[in-house]
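Read top to bottom, the protein sequences are chains A and B. First residue of the first sequence: 1, per this note's numbering; consecutive thereafter. First residue of the second sequence: 138, per this note's numbering; consecutive thereafter.
Protein chains: 2
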Amino acid sequence: MKATLQFIGHIDTPYTAIEDCPNNVDLNGPLCQLVVHEEFINGLSGLLPGQKILILYWFENTDRNATKQESNNGEELIGTFALRSPHRPNPIGAAVLPIETIDHGVVSVKGLDCLTGTHLLDIKPAILQEDSNKNTK
Amino acid sequence: MKATLQFIGHIDTPYTAIEDCPNNVDLNGPLCQLVVHEEFINGLSGLLPGQKILILYWFENTDRNATKQESNNGEELIGTFALRSPHRPNPIGAAVLPIETIDHGVVSVKGLDCLTGTHLLDIKPAILQEDSNKNTK
Numbered sequence: 001m002k003a004t005l006q007f008i009g010h011i012d013t014p015y016t017a018i019e020d021c022p023n024n025v026d027l028n029g030p031l032c033q034l035v036v037h038e039e040f041i042n043g044l045s046g047l048l049p050g051q052k053i054l055i056l057y058w059f060e061n062t063d064r065n066a067t068k069q070e071s072n073n074g075e076e077l078i079g080t081f082a083l084r085s086p087h088r089p090n091p092i093g094a095a096v097l098p099i100e101t102i103d104h105g106v107v108s109v110k111g112l113d114c115l116t117g118t119h120l121l122d123i124k125p126a127i128l129q130e131d132s133n134k135n136t137k
Numbered sequence: 138m139k140a141t142l143q144f145i146g147h148i149d150t151p152y153t154a155i156e157d158c159p160n161n162v163d164l165n166g167p168l169c170q171l172v173v174h175e176e177f178i179n180g181l182s183g184l185l186p187g188q189k190i191l192i193l194y195w196f197e198n199t200d201r202n203a204t205k206q207e208s209n210n211g212e213e214l215i216g217t218f219a220l221r222s223p224h225r226p227n228p229i230g231a232a233v234l235p236i237e238t239i240d241h242g243v244v245s246v247k248g249l250d251c252l253t254g255t256h257l258l259d260i261k262p263a264i265l266q267e268d269s270n271k272n273t274k
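Here it is as structure tokens:
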């Protein structure tokens with residue numbers, strides 16, 4: 001089987017330019033909407049407001065070849081896999097956030113870090129929790 | 138850009154049959170090795186033993202069309218996005234585990250839940266932590 005992705009929807013955020021995107025998710029950030037395509041809406045049944053979900057999404061227009069790059073402090077080159085940068089061999093973003101609301105295939109969460117229109121790859125019930133002590137992007 | 142994945146390595150686990158795989162990761166499970174392809178080994182620089190990483194991997198031979206399926210208790214059909222099942226539109230597995238050792242492109246962790254030979258997609262420094270109170274696969 002070829003490893004190709006299908007987009008299950010898109011993400012609406014307030015950010016239309018890369019420079020506007022925060023470095024990481026922010027549990028107290030603005031509302032964002034996961035807009036699930038019609039054919040996948042049944043897949044949301046069983047999810048509830050307040051429940052934490054792991055959201056996977058696809059960063060476009062990234063450098064997929066950089067094995068080392070600057071960290072935020074810019075002082076040294078660090079391995080891509082030691083950073084949360086979107087520039088990586090497989091530019092998949094991951095965030096764990098609680099569901100604010102679910103309404104007809106639209107799941108609202110707070111504080112995603114991606115551009116509006118970002119392709120949505122997956123939603124899973126979280127067995128992972130945000131460690132707010134770290135910011136490693 | 139087409140959303141295609143490139144495998145950055147593979148995962149060695151003790152499991153050669155689906156029925157042997159645990160339902161979820163187990164922080165106290167057996168040692169597993171993330172074997173990173175030569176061309177990506179530089180990407181590991183900066184990662185340290187003891188550091189928690191988010192590991193993304195690719196489940197093969199799954200049903201990518203099921204929007205509802207049985208949960209472990211098997212009592213009712215639940216939406217795919219409310220389950221951790223590998224049967225989903227984009228069969229990407231996610232686990233957060235601490236690094237045991239790193240040696241020449243081989244990152245050892247404990248307790249992954251996938252078959253040996255599973256394709257490795259990404260390693261990120263974790264800003265996510267396992268919530269051991271949940272088992273939702």
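The beta-carbon is built from N, C-alpha and C at its ideal position, and this holds for glycine as well.
DSSP three-state assignment for residue i, whether helix, strand or coil
i, result
"residue 113 (chain A)", "coil"
"residue 217 (chain B)", "helix"
"residue 316 (chain B)", "For residue 316 (chain B) there is no data in the structure shown, the boundaries of chain B being 138 and 274."
"residue 12 (chain A)", "strand"
"residue 270 (chain B)", "Residue placement at residue 270 (chain B) is poorly supported in this model, since its pLDDT is 39, which falls under 50; the coordinates still yield a value, given next. Reduced to three states, the DSSP call for residue 270 (chain B) is coil."
"residue 19 (chain A)", "helix"
"residue 181 (chain B)", "helix"
"residue 168 (chain B)", "strand"
"residue 107 (chain A)", "strand"
Residue i: first and last residue of the uninterrupted beta strand (DSSP E) it sits in
i, result
"residue 140 (chain A)", "Lying outside 1 to 137, the shown extent of chain A, residue 140 (chain A) is not represented and no answer is given."
"residue 276 (chain B)", "Past the boundaries of the shown model lies residue 276 (chain B); chain B is included only from 138 to 274, so the question cannot be answered."
"residue 174 (chain B)", "Unbroken run through residue 174 (chain B): none, as it is neither H nor E."
"residue 207 (chain B)", "205–207"
"residue 238 (chain B)", "238–240"
"residue 123 (chain A)", "118–125"
"residue 56 (chain A)", "52–58"
Length of the line joining the Cα atoms of residue i and residue j
i, j, result
"residue 11 (chain A)", "residue 118 (chain A)", "5 Å"
"residue 24 (chain A)", "residue 13 (chain A)", "13 Å"
"residue 57 (chain A)", "residue 214 (chain B)", "25 Å"
"residue 242 (chain B)", "residue 178 (chain B)", "5 Å"
"residue 120 (chain A)", "residue 8 (chain A)", "6 Å"
"residue 31 (chain A)", "residue 158 (chain B)", "38 Å"
"residue 166 (chain B)", "residue 17 (chain A)", "43 Å"
"residue 110 (chain A)", "residue 96 (chain A)", "10 Å"
"residue 228 (chain B)", "residue 222 (chain B)", "9 Å"
"residue 127 (chain A)", "residue 235 (chain B)", "15 Å"
"residue 250 (chain B)", "residue 152 (chain B)", "8 Å"
"residue 261 (chain B)", "residue 196 (chain B)", "18 Å"
"residue 212 (chain B)", "residue 206 (chain B)", "10 Å"
"residue 122 (chain A)", "residue 201 (chain B)", "12 Å"
"residue 180 (chain B)", "residue 199 (chain B)", "29 Å"
"residue 252 (chain B)", "residue 50 (chain A)", "33 Å"
"residue 224 (chain B)", "residue 189 (chain B)", "26 Å"
"residue 182 (chain B)", "residue 54 (chain A)", "26 Å"
"residue 26 (chain A)", "residue 231 (chain B)", "21 Å"
"residue 39 (chain A)", "residue 204 (chain B)", "8 Å"
"residue 5 (chain A)", "residue 142 (chain B)", "8 Å"
"residue 81 (chain A)", "residue 108 (chain A)", "29 Å"
"residue 226 (chain B)", "residue 238 (chain B)", "33 Å"
"residue 19 (chain A)", "residue 34 (chain A)", "21 Å"
"residue 240 (chain B)", "residue 72 (chain A)", "26 Å"
"residue 138 (chain A)", "residue 216 (chain B)", "Outside the shown range of chain A, which is 1 to 137, sits residue 138 (chain A), and nothing can be said about it."
"residue 173 (chain B)", "residue 220 (chain B)", "29 Å"
Test: residue i CB closer than 8 Å to a CB of chain E
i, result
"residue 235 (chain B)", "Absent here is chain E; the protein component of the structure consists of chains A and B."
Within 7 Å of chain A by C-beta, residues of the stretch 166–182 of chain B in sequence order: 177, 179, 180, 181 and 182
The stretch 92–126 of chain A: positions lying closer than 8 Å to chain B by Cβ: Taking 8 Å as the upper bound on Cβ-Cβ separation, chain B lies near residues 92, 94, 96, 119, 121, 122, 123, 124, 125 and 126 of the stretch 92–126 of chain A.
Contact set between the stretch 184–197 of chain B and chain A, restricted to residues whose Cβ is under 7 Å from the partner: 184, 191, 193, 195 and 197
Chain B contacts made by the stretch 4–24 of chain A, where a contact means CB separation under 9 Å: 4, 5, 6, 7, 8 and 24
Residues from the stretch 202–217 of chain B in contact with chain A, defined by Cβ distance under 7 Å: 204, 205, 215, 216 and 217
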